[in-house]
Each structure stands twice: as C-alpha cells, then as structure tokens.
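Okay, so the sequence shown: first residue is 697 according to this note's numbering, each after it adds one. This report refers to the structure that appears directly beneath it.
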Amino acid sequence: MKIQVAGKAKIFSSLASKSVFWISALIFVLSIFYFIPQNAVEAAPANSASNSNGLIKGKKVRVGYIYSPNFSEGAADNAVKSGFAYDYLQKISYYANWNYEYVYGAWADLLQMLYDGEIDIMAGVSKTPERLDSLLFPDYAMGSENYYIYTIEGNPLGAKGINGISGCTVSVNRNSIMESILRDWNDKGNRQINIKTYSGSDERYSDFEAGKAEATVDTDNAISAESRLVPLTKIGQSEYFLAVSKNKPDILSELNAALDRLNSTNPYFAKKLSDLYFSELSVSTTLQNDEIEWLSSHPDIVVGYLDDYLPLCDMDENGNPTGSMMDIINEMLTDLKLKDKVNMSFVAYNSYESMLSDLQTGVVDVAFPVNNDVALAEKSNIFLSDEVFATPMYMIYKGDFADVRKNRIAAKRGTSIADMYIKRFIPGAEVVYFDNIPDMLDAVLDGSVDGAVLNAFRKDAYLHKVSYSGLNSVLLKVRARRCFAVKRGNRELLSVLNRGVTVVPQEIVLTSVNSYASRMNEPTFKDYLMQNITSVMLISGIVIAVVSVLTAYSFIMRRTRKKLDYIAHHDSLTGLFNRLSFNEDLKKWDKKLSKGNVVVAVMDLNDLKRINDGLGHEAGDEIIVGAAECMEKILSPFGRIYRIGGDEFTAILDKGADDWPGILRRLKERFDGWSGKYVNKLAVAIGTAKSSDGPFENINEMFAHADQEMYKDKAEYYKTAGVDRRR
C-alpha cells in the first residue's frame, strides 16, 4: 500500500511538473503575441502599417493629375503614365513612403480641389502671393518654366519676328500667371498689343487656329514639335512646385524631408528629368526677316572643311567633298527650304589653323568641324553653332594601363582637334605630331610615345587590324564635341545654322556617321594576309592558291561593301529605303522630271503616339511594319518607297502614273483590310502630287504639294475621330 501511495505521489509530482512547464510555455507565447506587435507598431513610422506579407504599406496620398504632353501623360488608371511630373512624384514616394491615389481632371478643377482639401498634392503649381495664403509649398521647386509668345507656322508674324507684334492680338488664359506676365511685358515695353483672355486652353487654341489671334502665350514645356508653333520671344519665367493642401502640414513635412534626402544624394535629379522630357521643344524653321535679307544678299556660301577627317568630312578622288558633313548640310537645306535659294561651295583644308585663318579673313563663310570650345572660340574671333555631333575619345596604349606614364602623347599633324583635346584634358603631356594615324600607332607599338588619342570611329577603324592587335584602348571621360563656326559678328548666318542644326534629327546624323565610319573599317589586303599568315606561307609557292586567296579577298570585300551599303540605305525595322536613300534619289529626279509622268506620295501614320503610350512600343512597331508591308505590296511595282522618319513614309513612282487613281484605291483598301496582333486597324494620312498636274519646277515642289495634301487628310481624320492632337 505504501508503494502505491508513493507511486501516485510520483505520478502527481510528474503531472504537476509538466503542468507547470506547459503553463509557463503558454504564458511565454502569450507574452510574445501581446508585446511584440505593440513594439513593432511603436518602432514603425506613424504613417505606415504592415500588410499580410509583412511589407510596410505607405501612407495614401491623393494626387491631382492632369494630362500635359511630356509633363504628365497617361491621365487614366489603365493608361501608361510617363512624364517629368510622374517621374518626379515616383522618386518622392520612394523617400516619403507614399502610395498615390490619382485624381484626374482639368487644371482649374484640380487646383480648386487642392484649395478645398479634396486632394493632397498637385504638381506644377507656381507660387504666387494669392496661393501662399491658400496652399503650402515645399522648400525646393520642381523646376522652372519659361513663358513664350508663339505664332503658328506660315503666319507673316513668324518672319517679322517680335518687332512686328505691335497692334496684333495675343491670346492667353484668364487669371493665370501667364496673363499677368504678358500684361507686365506689354506695359513695360509699350508693345501696344491687344490681349484677349480665355477661361481655358481648348477654346483659346481653337480661336488661335481659326485666326482670331495672331499669337498666343504658353509654356515651353507644353509645346511639342508637331504643334507647328513658332516661338517669337520669351516674356517671363517662374518656378513651379509640388504644392500641398493647406490642411496637410504633415504631408508638407514629409515632402520636405524626402526632398532634403533626394537633393543630398542626387542634386541634379530635376535637371536630368528636364533634359529627358523637355529637350525637344518647338523649333522654328521659319526664317526671320533679317536672316532672309542676309541670305538674299549672300546667296553664295563657302564652307571650309578638313580633308581626311572621316567619318565627318573628306575629299574624294574627284576633288568633291564627302562625309557626314554633306548629309547634314543637305538635310538642313531641305528642312529650312533653302535648296533653291543658296549655292554651297566647299574648300578642303589640310590644316585646322589655316581653315580658321581663312574663316577669320572671309575666304570661307563657314568652317567644319570646329571644337565646341567657347574659350578658344573667343580667342579666335569666331562664333560657334549649336553642337552638331559628339564622339567618345579613347587613349590608345600598349601593355598595362596602370603602367602608362602619359608623358608623350601622339596626335595627327594638321587637324589640331586631338592636339587641343590633349592639352586641355591631359595637362602636362608633351604632344608629339605625326603625319598620319598609322605612324602614330606604330610609335605607340615601338614605345616612342606613351599613347595616342583617337575618336571612337578612328579607333574602331584601326585597332581591328591584326598589325595593331598588340594595342589596347581606354575610354576617356570627356567627349569631343563638334560644331560649325562663322566669323565673329555674322549672327544672321549663325542663326540660320542653329535653326538647321536643331531641326536635323539626331538619328539622321548618327546613321550618316555610322555609314561613313563603316567605309573606314574595310580591311586591306595586308590585313587579310596577316590574318591568314599560316595558310599563306603553306601555299605561297602555288600560284593557283594565291589566285584563290585574291579571289576570296575580292569576294569578301564586295560582300562586305554590299552589306554595309544595304544597312546604310535601308530602314532596319521595315526593310524599306531610308532617309539617306531618299536624299540621294532626290538629287537625280530633277533631271528626270521632264522626261515622264511621275507621282510622289507622302504618307504619315495616324495615332502612332497614342498607340505607343497606350499599348506599348511593340504595338507601335507592329503598325509601322504593317503599313510598310501594305505599301510594299501595292506600290513597289511602280517605284521606290522610303521610311524617312518615325511615322513618315514617302514614295516616288515613275511607272503606272496613268493608273494612279486605281493604285491609290488599292493602297487604301490594303490599309483598311489590315489587322495586327495588338492593333486591329491601321489609319494612314496620304498626300500625293503628279508631275502632269503641275507645273512643278522640281521634285521638291511636288513633295511640298503632297505634304500639304497629307496634312489636310490627317486633319480630316482627327476631326472625324474627334481627337485633339495637342492634348
């Protein structure tokens, strides 16, 4: 019996121990569930909470979001958003831990909602005394916008310039900063303009296009190249902010903290965004009166250029200028409609100094290429145009770059471009001159110099050769920038050049430069032999083998040249002829125009930007390729088709002109019947001109007529579709 009692006591003792353990464990677990979340909440920011995945959810902030090209695009929840303001808002949210709720609407409506506290923040709000009483503004501005007076392309005011604005009607939005700045500008300058105000931009632009005002006022960042607006003068400037509702001081505090952090880590963020979205502003191709008068009295313009400076310029075996310079100048003359108004002649120079000397004395009117160095330009008494092209620069060296002393650097005698680059960016180095690039590179190989400086295109042209396989290259920090130059004081010609430089698309410059650079890369016979030295040595005594090698070399050269020529003259996306082919063909057609009936067509895709923004660039590429296939199917039997821009196509047809109405009908039917994977229909604006319907003095006049017809067709399409292209 005692044994049983002892056993029970043991059992009860064991059970009691286990109970104490489990009760203690339960209390511990409960304490974790009780204390840990409270601590976590206390540790987290007051404006944050955790979701089921353990992620910290940001504070919800209501954003007023308008549609404005380049500034805030995608004003709908299902639209792709982009633009300066959108990127700016996103970057702020990273530092402030905000989640945005977008509220869409017109500017005036959203601004009133900001006043009333129905939204929390709004981008692009200028700080005025009136708004300081009703809104909160952060310590940092988003940026600044300039206010311009614009006229429309073709209006006589565009040629007269701002001095012809007296007595004209200028429209502006009512009760806006632009109105007060315009009135102040008018009063201070005694311009005597008639100011007409509007409640909104839609009515203002409608009346402006209807001719009820000769000019209108808008910001520089609201004008696209497609708007056909010509800037006359800048009348003012103001900063704009990410404004905050008056009853949201907590948001202002978080915004200032985020901006402090952003500006301490990336102080040029806003400027980089501005360069990204606002670099391609409206540029006027309409010459002003002083420019027209100068060209009328100076119809013959002499251009001095450097010989042996491909891919930019060179003199061919017939003594004619060649290189990208010619493509750029021809494109400028075409865009500015000056081909029939000026005569260009060219003088080649072996020395950069002699070219600039002749520019200063008036032997030549323009020099190219010239270093974009304003300090040297001032000393040389020349004016520099806007930048035409910038190229990476490389140091060519032998061995390990860490061991390169950079005491003696090779440069080509005569050009002075690399010479000046070395003196400015490798200070203290002795410049050693050579007559040609092979001698420079040989000197690097044998150790006579420590290195050589070449631009990217010349580096690629030479270092791929086997004879220079022992050389290496390293990219230098600063690019070499090239521009045109005129004699100091010749501001009219400089202004014309700047208009041309600005309107030439950068892709045309790059295509041309790459085309001429590819010609520098053709291997020589010596290179071929050195690349196949073992085989050549084995069969050097066999004549038939030598002939085979020569034949193979010739075949490779022809095939390479043909391939490079194809790449240079065809559009990579559609396979159609490109802008370079179009420009070359135009030169031939003036002589052929009188020999037969010719048709030219100008075609432009409608809605491409909307499709790119809404559906993505795959959809945009699809309609570009689809349109090209339709054109190729219908028009290729009758002539050539070209893609000359993003959504621009042209055709020159020298066969089938008598059946042109039928051909045009089949082309439109082909367009109407097209359907793609992403886009189910295709809309193309078409304008045509027939030489027999003339008289046309040249093919450029035909294209000008066709271009006008195309814009009429495009306007009719957007009118029928009810779409405002400006917004």
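Positions of the beta carbon are idealized from the N, C-alpha and C atoms, including for glycine.
Alpha-carbon to alpha-carbon, residue j and residue i
| i | j | result |
| --- | --- | --- |
| A1044 | V1066 | 14 Å |
| Y1407 | E797 | 39 Å |
| D1409 | E1397 | 19 Å |
| N793 | L938 | 16 Å |
| E905 | I919 | 15 Å |
| W1285 | V1295 | 12 Å |
| A1264 | L810 | 54 Å |
| I825 | I947 | The displayed chain sequence assigns Pro, not Ile, to residue 825. For P825 and I947, the distance between alpha carbons rounds to 21 Å. |
| T1087 | N1151 | 6 Å |
| T847 | V1192 | 19 Å |
| A745 | I817 | No answer about A745 holds up, because its pLDDT of 49 lies below 50 and its placement is not dependable. |
| V725 | K753 | Bear in mind that the predicted position of V725 carries a pLDDT of just 48, short of 50, making it too unreliable to give a figure here. |
| I1122 | D971 | 29 Å |
| L1449 | L1276 | This structure does not reach residue 1449, given that the chain is present from 697 up to 1423, and the question cannot be answered. |
| A1400 | E1344 | 14 Å |
| A1411 | L1167 | 58 Å |
| E899 | V1375 | 32 Å |
| G1095 | V1140 | 10 Å |
| G813 | L831 | 10 Å |
| R879 | N871 | 11 Å |
| P852 | K1377 | 39 Å |
| I1113 | V1199 | 26 Å |
| I891 | Y1414 | 30 Å |
| E1364 | D1003 | Just to set this straight, residue 1364 is Lys in the shown sequence, not Glu. Answer to the nearest angstrom: the Cα atoms are 49 Å apart. |
| S902 | K1258 | 52 Å |
Beta-carbon spacing of residue i, residue j below 9 Å
| i | j | result |
| --- | --- | --- |
| G1335 | L1349 | yes |
| D1281 | Y1338 | yes |
| G1342 | I1319 | no |
| L1029 | S1020 | no |
| N1510 | D916 | Beyond the ends of the chain as shown, which are 697 and 1423, falls residue 1510; an answer cannot be given. |
| F833 | V940 | yes |
| N1308 | A1315 | yes |
| M1299 | A1347 | yes |
| V913 | N869 | yes |
| T929 | I858 | yes |
| I1092 | K1155 | yes |
| V1242 | S1250 | no |
| V999 | S1041 | yes |
| A1176 | L1080 | no |
| K1108 | I1133 | yes |
| L1289 | S1387 | yes |
| G779 | Y973 | yes |
| T865 | A911 | yes |
For residue i: DSSP bridge partner residues
| i | result |
| --- | --- |
| V913 | I845 |
| A1086 | R1177 |
| N1067 | R1178 |
| R758 | E797 |
| K1386 | V1295 |
| V1242 | DSSP output for V1242 lists no bridge partner at all. |
| F1334 | The partner list for F1334 (beta bridge, DSSP) is empty, contrary to what the question assumes. |
| Y1129 | A1107 |
| E1328 | Note: E1328 sits in no beta bridge, so no partner. |
| S1169 | I1092 |
| S993 | DSSP output for S993 lists no bridge partner at all. |
| H1266 | F1273 |
| M1040 | I997 |
| Q933 | N842 |
| C1009 | Y1005 |
| I1348 | V1296, R1336 |
Neighbourhood of residue i by C-beta distance below 7 Å, restricted to the same chain and skipping five residues each side
| i | result |
| --- | --- |
| N1026 | N1279 |
| E1188 | D986, E987, W990 |
| L1260 | S1214 |
| A771 | Y761, I762, Y763, Y800 |
| E950 | A792 |
| D1031 | T981, G1196, V1199, V1200 |
| S1447 | Past the edges of the chain, shown from 697 to 1423, lies residue 1447, and the structure says nothing about it. |
CB-CB length for residue i against residue j, believed under 8 Å
| i | j | result |
| --- | --- | --- |
| S867 | Y894 | 6 Å |
| I1105 | V1170 | I1105 to V1170, Cβ: 13 Å. No contact. |
| R1366 | C1326 | 4 Å |
Contact set for residue i: own chain, Cβ-Cβ below 8 Å, skip 5 residues either direction
| i | result |
| --- | --- |
| R887 | I861, S862, W881 |
Same chain only: Cβ atoms within 6 Å of residue i, ignoring 5 sequence neighbours per side
| i | result |
| --- | --- |
| I723 | Residue placement at I723 cannot be trusted, given a pLDDT of 47 that sits under 50; what the coordinates show is reported in the next sentence. Cβ within range, chain order: n/a, list empty. |
| Y782 | S768 |
| P741 | Residue placement at P741 cannot be trusted, given a pLDDT of 44 that sits under 50; the coordinates are not used to answer. |
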